[in-house]
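One structure is given below, encoded as structure tokens.
Number of protein chains: 2
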Amino acid sequence: MPQAILRSTLRELVHCYQAFEGYASADICQQGLTISQFDILVTLGNGQGMTPKELVEKTLITKGTLTGVVDRLQIKGLVNRTRSTLDGRSQIITLTKKGQTLFEKVFPGHLAYMGQAFAHLQTKEISHIEEVLSNLRHAFESQKIKGKTL
Amino acid sequence: MPQAILRSTLRELVHCYQAFEGYASADICQQGLTISQFDILVTLGNGQGMTPKELVEKTLITKGTLTGVVDRLQIKGLVNRTRSTLDGRSQIITLTKKGQTLFEKVFPGHLAYMGQAFAHLQTKEISHIEEVLSNLRHAFESQKIKGKTL
DNA sequence: GATAATTAGTTCTAACAGGAACCAATATAG
DNA sequence: CTATATTGGTTCCTGTTAGAACTAATTATC
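In order, the protein sequence lines correspond to chains D and R.
Heads up, the first sequence is in this note's numbering, so the first residue is 1 and it goes up one at a time.
Heads up, the second sequence is in this note's numbering, so the first residue is 1 and it goes up one at a time.
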């Protein structure tokens with residue numbers, strides 16, 4: 001395998017991700033939210049609330065970071081923390097009325113905005129992109145497990 | 001366009017990128033370097049040195065961040081800063097002997113390590129992945145420009 | 001050649017990332 | 001029940017990120 005192709009492909013992956021991030025955050029930041037904050041807002045949207053542990057599983061935020069992100073959302077009045085009655089260690093994070101309203105206001109618009117970038121693509125093509133990405137991901141993941149055993 | 005496909009594809013992009021990052025950094029961190037530091041080391045490797053401005057262009061590090069990354073590389077004794085004689089504002093960053101030695105030691109191994117993840121793929125398939133990523137990136141970039149004019 | 005506009009790097013701020021150590025509450029084991 | 005281990009969250013540390021403001025040097029303009 002020619003290493004030049006490998007390197008350019010990896011570079012392209014990084015550039016692609018950065019382009020996505022830049023595109024998405026241009027919209028999200030206009031709402032005064034960071035990507036992580038938006039991630040939490042959307043994950044909680046239309047739900048019954050969840051524990052930090054669940055949020056960590058559903059988002060890409062690690063537990064040490066989550067505390068701070070939720071803190072800032074709480075300061076903005078978008079979420080509440082309530083202690084769980086079942087387990088004294090855990091808590092339930094819910095959207096406040098303000099948070100729910102914000103979610104309902106910005107989420108559909110954000111999806112539409114993201115959709116614009118794909119407007120020129122057929123559903124089939126998008127599925128193909130997803131498949132390619134999935135394969136690439138599995139290439140890293142399966143290899144990583146092997147690597148660990150070394 | 002069904003939004004569910006859009007969302008799952010975007011999620012897949014994020015997961016794919018994270019898998020890549022996790023895979024790559026597992027190797028790089030073993031050398032006591034961060035991804036950014038490694039990025040600089042590799043960019044300077046086998047070269048004549050370059051200015052921070054050039055490093056910013058060739059890597060994915062922004063200028064405000066670069067100062068700190070180079071600072072830490074300097075503390076580790078891997079790079080030097082020398083003022084440019086041509087332009088009093090600018091400087092030239094070069095690998096020290098130690099930095100060059102480290103580069104030569106870790107870079108080939110890292111490429112081989114990354115190659116392992118692609119070992120089961122044909123060159124043609126990798127090129128296809130690159131093409132798909134490139135198209136996806138352009139979808140975001142072209143749209144972003146349009147968005148700006150709104 | 002003095003003034004104005006650019007440019008190269010640094011500094012600062014707010015936020016995040018990953019990981020280790022930590023605390024309190026709960027569950028487990030003897 | 002009591003000692004131990006585990007779990008849920010927080011805190012702390014180092015490093016990174018993006019962006020804005022800042023400084024010093026250089027180029028452009030009149």
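We treat Cβ as the ideally placed atom computed from N, Cα and C, and that holds for glycine.
None of the values given here were measured: they were computed from a predicted structure.
Task: Whole alpha helix (DSSP H) elements within the segment 62–112 of chain D, 4-residue minimum - done: 63–75
TODO: Return no unless some Cβ of chain R is closer than 8 Å to the Cβ of D/Phe-107.
DONE: In the first sequence, counting from the first residue as 1, residue 107 of chain D sits at position 107. Chain R contact via Cβ: absent.
Open item on the list: Between D/Ser-36, D/Thr-101, D/Gln-100, which has its C-alpha nearest D/Asp-71's C-alpha?
Closed with: One-based indexing of the first sequence puts residue 71 of chain D at position 71. It is D/Ser-36.
Open item on the list: List, in chain order, every chain R residue whose beta-carbon is nearer than 7 Å to that of D/Gln-143.
Closed with: One-based indexing of the first sequence puts residue 143 of chain D at position 143. The answer, in chain order, is Tyr-23, Gln-116, Ala-117.
- [ ] Output the distance between the C-alpha atoms of D/Lys-124 and R/Leu-6, rounded to the nearest integer angstrom.
- [x] Counted from its first residue, the first sequence places residue 124 of chain D at position 124. Counted from its first residue, the second sequence places residue 6 of chain R at position 6. For D/Lys-124 and R/Leu-6, the distance between alpha carbons rounds to 11 Å.
Open item on the list: Please identify the residue among D/Ser-90, D/Arg-11, D/Thr-94, D/Ala-24 whose C-alpha is closest to the C-alpha of D/Met-114.
Closed with: Position 114 of the first sequence, counting from 1, holds the residue named residue 114 of chain D. Per the Cα distances, D/Ala-24.
- [ ] Look at D/Phe-107 and R/Ala-19 and say whether their C-beta atoms are less than 8 Å apart.
- [x] Along the first sequence, read from residue 1 onward, the residue named residue 107 of chain D stands at position 107. Along the second sequence, read from residue 1 onward, the residue named residue 19 of chain R stands at position 19. No, Cβ-Cβ distance for D/Phe-107 and R/Ala-19 is not below 8 Å.
Open item on the list: Quick check on this structure: which residue in D/Ser-8, D/Thr-34, D/Thr-59, D/Ala-112 has the alpha carbon closest to the alpha carbon of R/Glu-12?
Closed with: Position 12 of the second sequence, counting from 1, holds the residue named residue 12 of chain R. When each option's Cα is compared against that of R/Glu-12, the closest is D/Thr-59.
Open item on the list: What does the alpha-carbon distance come out to for the pair R/Gly-22 and D/Gly-22?
Closed with: The count along the second sequence starts at 1 and reaches residue 22 of chain R at position 22. The count along the first sequence starts at 1 and reaches residue 22 of chain D at position 22. Rounded to the nearest angstrom, the two C-alpha atoms are 21 Å apart.
- [ ] Please check if any C-beta of chain D sits within less than 8 Å of the C-beta of R/Ile-61.
- [x] By one-based count along the second sequence, residue 61 of chain R stands at place 61. Answer no: the Cβ-Cβ gap between R/Ile-61 and chain D never drops below 8 Å.
Open item on the list: Using beta carbons (cut-off 8 Å, strictly below), is R/Pro-2 in contact with chain D?
Closed with: Within the second sequence, numbered from 1, the residue matching residue 2 of chain R stands at position 2. By this cut-off, R/Pro-2 is an interface position.
Open item on the list: Are the CB atoms of R/Phe-103 and R/Val-42 within a distance shorter than 8 Å?
Closed with: Residue 42 of chain R sits at position 42 when you count from the first residue of the second sequence. Residue 103 of chain R sits at position 103 when you count from the first residue of the second sequence. In this structure, R/Phe-103 lies closer than 8 Å to R/Val-42 by Cβ.
Open item on the list: Rounded to whole angstroms, what is the Cα-Cα separation between R/Ile-129 and D/Tyr-17?
Closed with: Looking up residue 129 of chain R in the second sequence gives position 129. Looking up residue 17 of chain D in the first sequence gives position 17. Approximately 14 Å between the Cα atoms of the pair.
Task: Given D/Lys-98 as reference, the closest of D/Thr-85, D/Asn-80, D/Ser-90 once Cα atoms are compared - done: Here residue 98 of chain D is taken as the residue at index 98 of the first sequence, counted from 1. When each option's Cα is compared against that of D/Lys-98, the closest is D/Asn-80.
Task: Other residues of its chain near R/His-110: CB distance less than 6 Å, five sequence neighbours each side excluded - done: Counted from its first residue, the second sequence places residue 110 of chain R at position 110. Asp-27.
Task: Residues that R/Met-114 bridges to, as DSSP identifies them - done: Here residue 114 of chain R is taken as the residue at index 114 of the second sequence, counted from 1. In the DSSP output, where bridge partners are listed per residue, R/Met-114 has none listed.
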